[in-house]
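Undergrad:
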Amino acid sequence: MKIKSLLLKLTKFHYWLAALAIFMVIGVVGALIVFVKGLVVTNLTDLVPWGLWITIDLSSIALSAGAFTLCAAVYLIGLKEYQPVARTATFIGIIGYSMAMLCLLMDIGRPDRFWHAFVFWNPHSVLWEVTMCVGLYFTVLTLETMPIIGGADWFQERWPKLSAILSKVHHYAPYLAIAGLFLSMLHQSSLGATYGVLKARPLWYSPSLSVLFMASAIVGGISLTILASMFAARMSEKANVNDRLLDKLSHFVGWALALYLYFRFWYAFSMTYTYEPGRTEGLSLLTKGPLAINFWFGEILLGIVIPMIILLKKDWRARQWTRMAALAMVVGGLVAYRWDVNLSGQLVILTYLHEEITAIYTTYMPNLIEFMVGAGVVAFGLMAFTLGVQFLKVVDHASEDHVHEPIGEPSLAAGD
Amino acid sequence: MTEKKFTMDRRELIKLAVGGGAVVASLQIAQKASASKPEGSSPHQWAMVIDQGACLGCGYCTNACQAHNDIHPDISWNRVIESSAANGEKTYTARPCMQCEHAPCVDVCPVKASYYRADGIVMMDYDKCIGCRYCEVACPYNARAFNWETFSGENPAVPEWGVPEVERRPRGVVEKCSFCYHRIDRGVALGLTPGVDSAATPACVVACPVGGRIFGDLNDPESEVSKLVKTHVTHRLREDLGTGPRVYYICPENSHSLEA
Numbered sequence: 033m034k035i036k037s038l039l040l041k042l043t044k045f046h047y048w049l050a051a052l053a054i055f056m057v058i059g060v061v062g063a064l065i066v067f068v069k070g071l072v073v074t075n076l077t078d079l080v081p082w083g084l085w086i087t088i089d090l091s092s093i094a095l096s097a098g099a100f101t102l103c104a105a106v107y108l109i110g111l112k113e114y115q116p117v118a119r120t121a122t123f124i125g126i127i128g129y130s131m132a133m134l135c136l137l138m139d140i141g142r143p144d145r146f147w148h149a150f151v152f153w154n155p156h157s158v159l160w161e162v163t164m165c166v167g168l169y170f171t172v173l174t175l176e177t178m179p180i181i182g183g184a185d186w187f188q189e190r191w192p193k194l195s196a197i198l199s200k201v202h203h204y205a206p207y208l209a210i211a212g213l214f215l216s217m218l219h220q221s222s223l224g225a226t227y228g229v230l231k232a233r234p235l236w237y238s239p240s241l242s243v244l245f246m247a248s249a250i251v252g253g254i255s256l257t258i259l260a261s262m263f264a265a266r267m268s269e270k271a272n273v274n275d276r277l278l279d280k281l282s283h284f285v286g287w288a289l290a291l292y293l294y295f296r297f298w299y300a301f302s303m304t305y306t307y308e309p310g311r312t313e314g315l316s317l318l319t320k321g322p323l324a325i326n327f328w329f330g331e332i333l334l335g336i337v338i339p340m341i342i343l344l345k346k347d348w349r350a351r352q353w354t355r356m357a358a359l360a361m362v363v364g365g366l367v368a369y370r371w372d373v374n375l376s377g378q379l380v381i382l383t384y385l386h387e388e389i390t391a392i393y394t395t396y397m398p399n400l401i402e403f404m405v406g407a408g409v410v411a412f413g414l415m416a417f418t419l420g421v422q423f424l425k426v427v428d429h430a431s432e433d434h435v436h437e438p439i440g441e442p443s444l445a446a447g448d
Numbered sequence: 027m028t029e030k031k032f033t034m035d036r037r038e039l040i041k042l043a044v045g046g047g048a049v050v051a052s053l054q055i056a057q058k059a060s061a062s063k064p065e066g067s068s069p070h071q072w073a074m075v076i077d078q079g080a081c082l083g084c085g086y087c088t089n090a091c092q093a094h095n096d097i098h099p100d101i102s103w104n105r106v107i108e109s110s111a112a113n114g115e116k117t118y119t120a121r122p123c124m125q126c127e128h129a130p131c132v133d134v135c136p137v138k139a140s141y142y143r144a145d146g147i148v149m150m151d152y153d154k155c156i157g158c159r160y161c162e163v164a165c166p167y168n169a170r171a172f173n174w175e176t177f178s179g180e181n182p183a184v185p186e187w188g189v190p191e192v193e194r195r196p197r198g199v200v201e202k203c204s205f206c207y208h209r210i211d212r213g214v215a216l217g218l219t220p221g222v223d224s225a226a227t228p229a230c231v232v233a234c235p236v237g238g239r240i241f242g243d244l245n246d247p248e249s250e251v252s253k254l255v256k257t258h259v260t261h262r263l264r265e266d267l268g269t270g271p272r273v274y275y276i277c278p279e280n281s282h283s284l285e286a
């Protein structure tokens, strides 16, 4: 039987790809329904216009922050031993930003006008700034990814000239790292400010959101880079990691989590002092209401406290599975945080009636179509990473041949 | 082939980056200070006064709005909200767009689809709007509505409450009350006075059976809105936010209809 022998030849890898492909098809089906019928098919309303897709968009951008952080560490601070890890982070970054852009394309009412922000400028708008930064930073990531593609063996064999051109971009890595740091510092924090500048939403209206978005992005982005590398190394022989580096990075994440916990605690609880309409209701929504499980368990306990302890304790961090679990919790905690921020401000509606300024609650739960599209976008990200590991060797931390001299150190290779 | 050599010192580099950041930040702040000033000038400043003492909550204004602006029956630009006053009597708050002087929606729009007209009307450019809905999230008055689906077919408010005077908006853009700018502009061009001549006055004002809505030019001291704002205790919604609404309310206890 031909089919039977074919089935026997299939490996776990094939099943994994097939599963991802199925989810991607489901996502495309959902997307087509939205494009044909409009956003009316979602559970979004005029009261809660931003939902699951915005959460995925915010989360993918935040979880891509490993790219700018590690590139800055390698090329600007001079921690050149992390270069192979920065390479992994860059690849995750370009996937993350692609996912974010897919989500936005789904979420905006007129995807055919996605380019408007680049032409019709409103520099006063935080969202305009975010759009410009994301667009420019995606260009930076594309340039940073070129040497990864050009450096692949099969690519070199087939298109040696193009490969040489793509690999040359690597010489500009330090400049790209500066551009990346600059653009990321701007938009990672401005995504928090997108909510933070809205005076009509007392729970959001605060400069702290920018700080929290930045801090959580650095923590989450590095965590995902380590986690994805470790996972790839277990699943694929094409991937190899340098555990000494990942251990050191995980240790850093542990300390960074402590700092993030401090900011989060200080922010959430400084706001409990004195009643303010809308803000206090929002906080109780978060700490006692429908978002409470998400907040206490997702964000604080599993998202920060437990992984912080694991990653700061040497022997727990050294154990592969506990470390991976801790990093996965950090990633989950970041998504929970984005979900909570986005919803807590929208679920409380402050009435504007003269006689009674009171807060009323509304609800939101994504429906099947939103989940379908969301799953499709996530599957796309996993698929892209899997193919990167297999065919571009994006997780190759033992190789030293990509190391570039950081700025400030005399270049030994130069002039030879 | 020689490799490019980076001669720049790390410290210099960081200086450069910080300097660049400062330049961009100050540009942004400068932009913010002069943000979104309307182009041109106008002799008029349109405003509306809503007399809550007169309002019966009949909803005629909403119906007229739905018809004249050809709005999807699921959404509305102009709601009448019921609330109870301290003495237990019902009070109604009719809520068009406030046409804020410092409109949060204009501030946040990433593509300048929301903008100010020189006469104070906050306008929507439906050809620019990308449908991100940031303005909806930013508006303190829930005055904005998104086109979740294509509006095809009959408008149930037509022809009973009027006939459409503006184009239907496409699916996927945010829309809102425009003070019926098309009626104002056409009226002024014909030499009519908005607020006095009904053809030049917003449809909701014309439809109100009890004269609860008064429209006019705040720059004209002889207009009824100018006089009412001067002689009556008025309030605006969420004045504490500093949005500077152009819709003034007269509470039932201060209502001019009681004086008559």
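For the protein sequence lines, the chains are A and B, in the order given.
Following the working numbering, the numbering of the first sequence begins with 33 at its first residue and continues without gaps.
Following the working numbering, the numbering of the second sequence begins with 27 at its first residue and continues without gaps.
For glycine and all other residues, C-beta sits at the position ideal for the given N, C-alpha and C.
Exposed or buried, which one is ASN173/B when buried takes at least 16 other CB atoms within 10 Å?
TA: Taking the first residue of the second sequence as position 1, residue 173/B is located at position 147. With 16 or more other Cβ atoms within 10 Å, it is buried.
Undergrad: Using a Cβ-Cβ cutoff of less than 7 Å, which residues in the same chain neighbour THR257/B once the five nearest sequence positions on both sides are dropped?
TA: Reading the second sequence from its first residue, position 231 is the one you call residue 257/B. Closer than 7 Å at Cβ, skipping near neighbours: no residue.
Undergrad: So what does DSSP say about ALA286/B, is it helix, strand or coil?
TA: By one-based count along the second sequence, residue 286/B stands at place 260. For ALA286/B, the pLDDT reaches just 45, beneath the cut-off of 50, and the residue's location in the model is therefore unreliable, leaving the point undetermined.
Undergrad: Can you tell me where the alpha helix (DSSP H) holding THR257/A begins and where it ends?
TA: Reading the first sequence from its first residue, position 225 is the one you call residue 257/A. Element bounds for THR257/A: 240-267.
Undergrad: Note down, in chain order, every chain A residue with its Cβ under 7 Å from the Cβ of ALA164/B.
TA: Here residue 164/B refers to the residue found at position 138 when the second sequence is read from its first residue. Simply LEU230, ALA232.
Undergrad: For ALA144/B, I'd like the list of residues in its chain whose CB is within less than 6 Å of its CB, leaving aside the five on either flank, ordered along the chain.
TA: In the second sequence, the residue the question calls residue 144/B occupies position 118. Contacts found: PRO64, GLY66, SER67, SER68.
Undergrad: In the DSSP assignment, find the unbroken beta strand (DSSP E) run with TYR142/B in it and report its ends.
TA: The residue you call residue 142/B lines up with position 116 of the second sequence. Counting along the chain, the beta strand (DSSP E) containing TYR142/B begins and ends at 140-142.
Undergrad: Per DSSP, what kind of secondary structure is ARG170/B in: helix, strand or coil?
TA: Translated into the one-based positions of the second sequence, residue 170/B becomes position 144. Residue state, collapsed to three classes: strand.
Undergrad: Inspect the CB distances between the stretch 219-227 of chain A and the stretch 287-294 of chain A and report whether three or more fall short of 8 Å.
TA: Because the criterion of three Cβ pairs below 8 Å is not met, the stretch 219-227 of chain A and the stretch 287-294 of chain A do not touch.
Undergrad: Examine chain A for any beta-carbon lying closer than 7 Å to the beta-carbon of ALA73/B, and answer yes or no.
TA: In the second sequence, counting from the first residue as 1, residue 73/B sits at position 47. It does not; no Cβ of chain A falls within 7 Å.
Undergrad: For LEU254/B, go through chain A and note every residue whose CB falls closer than 9 Å to its CB, in chain order.
TA: For the purposes of this step, residue 254/B is taken as the residue at position 228 of the second sequence. Near LEU254/B there are no residues of chain A at all, since even the closest Cβ is about 16 Å away, more than 9 Å.
Undergrad: Start and end of the beta strand (DSSP E) containing GLU201/B?
TA: The residue you call residue 201/B lines up with position 175 of the second sequence. Taken as a continuous stretch (DSSP letters only), the beta strand (DSSP E) holding GLU201/B covers 200-202.
Undergrad: From the DSSP secondary-structure annotation, give me the bridge partner or partners of TRP72/B.
TA: Counted from its first residue, the second sequence places residue 72/B at position 46. In DSSP, TRP72/B forms a bridge with ASP243/B.
Undergrad: Under the assumption that GLY253/A contacts SER96/A (Cβ atoms under 8 Å), give the Cβ distance between them as a whole number of angstroms.
TA: One-based indexing of the first sequence puts residue 253/A at position 221. One-based indexing of the first sequence puts residue 96/A at position 64. At roughly 6 Å, the Cβ-Cβ gap stays under 8 Å, so GLY253/A and SER96/A are in contact.
Undergrad: From which residue to which residue does the beta strand (DSSP E) around VAL148/B run?
TA: To locate residue 148/B, count along the second sequence from 1; it is residue 122. 148-150 is the extent of the beta strand (DSSP E) around VAL148/B.
Undergrad: Would DSSP call SER199/A helix, strand or coil?
TA: Within the first sequence, the letter at position 167 stands for residue 199/A. SER199/A falls in the helix class under three-state DSSP.
Undergrad: Could you list which residues in chain A have their beta carbon closer than 7 Å to that of TRP174/B, in chain order?
TA: Within the second sequence, the letter at position 148 stands for residue 174/B. What TRP174/B touches in chain A: GLY70, LEU71, VAL72.
Undergrad: Can you confirm whether ASP77/B, when its beta carbon is compared against all beta carbons of chain A, has any partner nearer than 7 Å?
TA: Counted from its first residue, the second sequence places residue 77/B at position 51. Output row for ASP77/B: interface = no.
Undergrad: If you measure between the beta carbons of ARG209/B and GLU201/B, is that distance less than 7 Å?
TA: Numbered from its first residue, the second sequence carries residue 209/B at position 183. Numbered from its first residue, the second sequence carries residue 201/B at position 175. The answer is no: Cβ separation not under 7 Å.
Undergrad: What is the DSSP secondary structure of ARG142/A, reduced to helix, strand or coil?
TA: Within the first sequence, numbered from 1, the residue matching residue 142/A stands at position 110. Three-state result, ARG142/A: coil.
Undergrad: What is the rounded straight-line gap between the Cα of ILE54/A and the Cα of VAL426/A?
TA: As a first step, residue 54/A must be located in the first sequence, where it is residue number 22. As a first step, residue 426/A must be located in the first sequence, where it is residue number 394. Between ILE54/A and VAL426/A, the C-alpha separation is close to 24 Å.
Undergrad: Just verifying my parser: in three-state terms, what is the DSSP assignment at SER96/A?
TA: Residue numbering aside, residue 96/A sits at position 64 when the first sequence is read from its first letter. Of the three classes helix, strand and coil, the one that applies to SER96/A here is coil, per DSSP.
Undergrad: Give me the residue from TYR207/A, PRO206/A, ALA205/A, ALA184/A with the minimum Cα distance to ALA196/A.
TA: Within the first sequence, numbered from 1, the residue matching residue 196/A stands at position 164. Closest by alpha carbon: ALA184/A.
Undergrad: Would you tell me roughly how many angstroms separate the C-alpha atoms of ALA59/B and TYR160/B, rounded to the nearest one?
TA: Here the question's residue 59/B lines up with position 33 in the second sequence. Here the question's residue 160/B lines up with position 134 in the second sequence. Below a pLDDT of 50, predicted positions are generally treated as unreliable, and ALA59/B, at 46, falls in that range; no measurement from the model is reported.
Undergrad: Compare the Cα-Cα distances from ASN208/A to each of LEU235/A, THR177/A, GLY286/A, LEU230/A and report the closest residue.
TA: Against the first sequence, residue 208/A aligns to sequence position 176. With the sequence shown as reference, residue 208/A is identified as Leu, and Asn is not the correct amino acid for it. Taking only the C-alpha atoms, the option nearest LEU208/A is THR177/A.
Undergrad: Kindly say whether ARG145/A, judged by its beta-carbon, lies nearer than 7 Å to any beta-carbon of chain B.
TA: The count along the first sequence starts at 1 and reaches residue 145/A at position 113. Interface residue, yes.
Undergrad: Pop quiz: GLY365/A and TRP236/A are said to be a contact at Cβ under 8 Å. What is the actual Cβ separation, rounded to whole angstroms?
TA: The count along the first sequence starts at 1 and reaches residue 365/A at position 333. The count along the first sequence starts at 1 and reaches residue 236/A at position 204. Between TRP236/A and GLY365/A the Cβ distance is about 20 Å, and since that is not below 8 Å, they are no contact.
Undergrad: Can you tell me which of VAL362/A, ILE258/A, THR74/A, THR394/A puts its alpha carbon nearest to the alpha carbon of ALA247/A?
TA: In the first sequence, counting from the first residue as 1, residue 247/A sits at position 215. Out of VAL362/A, ILE258/A, THR74/A, THR394/A, VAL362/A has the C-alpha closest to the C-alpha of ALA247/A.
Undergrad: Is there a C-beta anywhere in chain A that falls below 7 Å from the one on ASP10/B?
TA: As displayed, chain B neither begins before 27 nor continues past 286, which places residue 10/B out of reach and without an answer.
Undergrad: Does DSSP put TYR275/B in a helix, a strand or coil?
TA: Walking along the second sequence from the start, residue 275/B turns up at place 249. If DSSP states are grouped into helix, strand and coil, TYR275/B belongs with the strands.
Undergrad: Could you give the uninterrupted runs of the alpha helix (DSSP H) lying entirely in the stretch 374-411 of chain A, keeping only those of 4 residues or more?
TA: Whole alpha helix (DSSP H) segments, 4+ residues: zero.
Undergrad: Using a Cβ-Cβ cut-off of 8 Å (strictly less than) and excluding sequence neighbours within five positions of ALA407/A, which residues of its own chain qualify?
TA: The residue given as residue 407/A occupies position 375 in the first sequence. If we look at ALA407/A and ignore the five residues flanking it on each side, its Cβ neighbours are PHE55, ILE58, GLY59.
Undergrad: Hey, how far is the Cα of TYR47/A from the Cα of ASP144/A?
TA: On the first sequence, residue 47/A is found 15 positions in, with the first residue counted as 1. On the first sequence, residue 144/A is found 112 positions in, with the first residue counted as 1. The straight-line gap from Cα to Cα measures roughly 35 Å.
Undergrad: Between which two residues does the beta strand (DSSP E) containing LYS44/A stretch?
TA: Along the first sequence, one-based indexing puts residue 44/A at 12. It is not in any beta strand (DSSP E) - LYS44/A instead sits in the alpha helix (DSSP H) that spans 44-69.
Undergrad: Just checking, does the stretch 118-131 of chain B make contact with the stretch 160-169 of chain B on the three C-beta pairs under 8 Å criterion?
TA: The stretch 118-131 of chain B is in contact with the stretch 160-169 of chain B.
Undergrad: Using DSSP bridges, identify the partner residues of VAL106/B.
TA: Residue 106/B sits at position 80 when you count from the first residue of the second sequence. Partner(s): ALA120/B.
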